[in-house]
Amino acid sequence: MLAVLCTSLLLTGLDLTVLHVAVPSLARDLSPSAPALLWIVDVYSLTVAALLVTCGTLADRVGRRRVVIAGFAVFGLASLAAAFADNAPQLIAARAALGAGTALIMAATVAIIRNVFDDARERTIAIGLWTAAHSVGTTLGPLVGGALVENFHWGAVFLVNVPIVAVVLVVGVRVIPESRDPVPRRWDLPSALLSMCGLGGFVYGLKQIADPSGLTPASAVVGLAGSALLVWFGVRQRRLRHPLLDLGLFRDRRFSAGALAIFGCFGTYVATLFLLTQWLQQAGGHSPLQAGAAVVPLAAANALGAALAPWGSNRWGHRRAMAAALVAFASALVVFVVAGNSAGYPLIAGMLVVAGFGAGVVMTAGSDLTTGTVSPHRAGEAAAVQETSFELSAGVTVAVLGSVLAISYRFAVPPPPYLGPVDAASVGESVGAVADVRRHLSPEHAADLQVLTANAFDHGVRVASAAGAAVLLVTAIATAVLLRTSRTSG
1 MLAVLCTSLL LTGLDLTVLH VAVPSLARDL SPSAPALLWI VDVYSLTVAA
51 LLVTCGTLAD RVGRRRVVIA GFAVFGLASL AAAFADNAPQ LIAARAALGA
101 GTALIMAATV AIIRNVFDDA RERTIAIGLW TAAHSVGTTL GPLVGGALVE
151 NFHWGAVFLV NVPIVAVVLV VGVRVIPESR DPVPRRWDLP SALLSMCGLG
201 GFVYGLKQIA DPSGLTPASA VVGLAGSALL VWFGVRQRRL RHPLLDLGLF
251 RDRRFSAGAL AIFGCFGTYV ATLFLLTQWL QQAGGHSPLQ AGAAVVPLAA
301 ANALGAALAP WGSNRWGHRR AMAAALVAFA SALVVFVVAG NSAGYPLIAG
351 MLVVAGFGAG VVMTAGSDLT TGTVSPHRAG EAAAVQETSF ELSAGVTVAV
401 LGSVLAISYR FAVPPPPYLG PVDAASVGES VGAVADVRRH LSPEHAADLQ
451 VLTANAFDHG VRVASAAGAA VLLVTAIATA VLLRTSRTSG
């Protein structure tokens, strides 16, 4: 039964990053704007983050097995829709549906684990394996995506989900026990709407900064309204007797430190995968499979860091181990910022090893803090908050660093004299338009445009990576401050 639940998290983690390598290919086919491309990439994780806690309440009321089976059905159908999407809005909608299915799956599986494993130690181990499966899927996504895009249409990265979902549905109906909460929490629809609308409005305003027209008054109003709704959501949770999201968990400084470290580290980790897989193709000229294979050291080092994190935390304490790992991750990004496209692969591989190892330590130690500092009967709530931190950080950080990339690229592209105003605008908005524009140029001008845009894209990725390093350093300082008074944290 646990194998089925972990497989479900492996699949949902895979879908978080499998699209990254396919971005250049789908950008050529669908020609999305810069904000639309960011929505395609991270609407999945944002939807999961917005619905995860609400779906947990739904699972408690109507039955956990029923919800997880429904989640897989939605996930499978949405995968088919995404694979055959003809334009950016269709793909965004399909990715959002994938996120909804994932939220149903994740919320129900953590509730099933909480219900089946009565022993506190067994429950902790089960939640740890469940979380690890998601991280493994996230890391393997670019390699799987690269292999598929290299040999098939980019839609294959979604079609691969369908047979796996079919097997899990057949097996899951037989082995997953049904359960529900005899006294379920009240269905708090206003809180659910506040969180979804607030998050959507905030991220929409954030992404419009990447649009060539800039942040318009209407976009600014939407972003500010979303921020206000999120504040209202927080105030409402503090006042409710049975809140949708129990903010009281954050009164424990160790819990807050763990959640913060996960947020800053995992978000930057996913954004690094997003940036590097594109950089390797757009600036380095690698194929999708080569780009996916090139980031494998990140996965291997991440697994090693996760395996050694308990030893490091016991030896030096959570505070020192996590702060050092975050600084190491940031240092790796700084090396990339300095080297850029002049770096050979050995240097890139070394950077990936350091970054992956640091991320593995932080995410494992952070998970230990969030689930290990609460009472056993609240382990499920802590795991839900932890997974929300994972998904929310991925969506928000990709939105922020992706916007930085788009803006930096746009300002770094010089307007070539041999391009008309329409083609110049297309090239300036997205590097994905370069291939179409080059077809209409002479060989000399086509080669020149390729060099210009590759250098501009390299500049954009380096600026975004510098921003990612800053996020990690701020996270390291904040985590160290939160843990400074805890004897058990070093």
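With full-length UniProt numbering as the guide, the letters of the sequence shown map in order to residues 1 to 490.
The C-beta atom is built at its ideal place from N, Cα and C for all residues, glycine as well.
The model shown is predicted, which means the values in this text are computed figures rather than measured ones.
query                                                                                                                                                : result
Mind checking T216: buried by the 16 CB within 10 Å criterion, or exposed?                                                                           : exposed
Quick check: the Cα distance between A27 and S442, rounded to an integer number of angstroms?                                                        : 23 Å
Closest to T12 by CA distance: which of V335, A96, A359, A480 is it?                                                                                 : A96
Is L19 helix, strand or coil by DSSP?                                                                                                                : coil
Got a sec? Which residues, its chain only, sit under 8 Å from L473 by beta carbon, not counting five neighbours each side?                           : L326, V327, A330
Kindly indicate which residue of Q282, T17, P177 has the alpha-carbon position closest to the one of residue 493.                                    : Within the shown structure, residues of the chain are numbered from 1 to 490, placing residue 493 beyond reach of any answer.
Could you tell me if N314 is buried or exposed, where buried requires 16 or more neighbouring beta carbons within 10 angstroms of its beta carbon?   : exposed
So the candidates are N161, I477, A36; which of them puts its Cα closest to the Cα of L14?                                                           : N161
Out of V167, T57, I92, state which residue places its alpha-carbon closest to the alpha-carbon of P35.                                               : I92
When the Cα of W39 is compared with those of G402, D423, S465, R484, which residue comes out closest?                                                : G402
Cutting at 7 Å between CB atoms, please list the residues of its own chain near L140, excluding the five before and the five after it.               : L14, A299
Looking only at its own chain, which residues have a Cβ that is under 7 Å from the Cβ of I477, when we skip the five neighbours before and after it? : none
Does R438 pass the burial test, meaning 16 or more other C-beta atoms within 10 Å, or should it be called exposed?                                   : buried
How many angstroms separate the CA atom of L16 from the CA atom of A133?                                                                             : 13 Å
Given a cut-off of 9 Å on the beta-carbon distance, is the pair H20 and V43 in contact?                                                              : no
Nearest by alpha-carbon distance to V385: which of L51, A22, A3, V427 is it?                                                                         : L51
What first and last residue would you give for the alpha helix (DSSP H) that runs through residue 492?                                               : The structure shown has nothing for residue 492, since the chain only spans 1 to 490.
Assuming residue 491 and V173 make a contact with CB atoms under 8 Å, what is their CB distance in whole Å?                                          : Outside the displayed range of the chain (1 to 490) lies residue 491, so it cannot be described from this structure.
By DSSP, does A476 sit in helix, in strand, or in coil?                                                                                              : helix
Taking only three categories from DSSP, how would you classify S489?                                                                                 : Per-residue confidence for S489 stands at a pLDDT of 44, beneath the threshold of 50, marking its modelled position as unreliable; no derived number is given.
Spatial neighbours of G200 within its chain, please: C-beta separation below 8 Å, excluding the five flanking residues on both sides.                : L46, A50, G226
Should the stretch 264-276 be called in touch with the stretch 352-368, which here means at least 3 C-beta pairs below 8 Å?                          : yes
Please report the residue range of the alpha helix (DSSP H) in which E429 lies.                                                                      : 421-429
Is it buried or exposed for W154, if we count other Cβ within 10 angstroms and need 16 for buried?                                                   : buried
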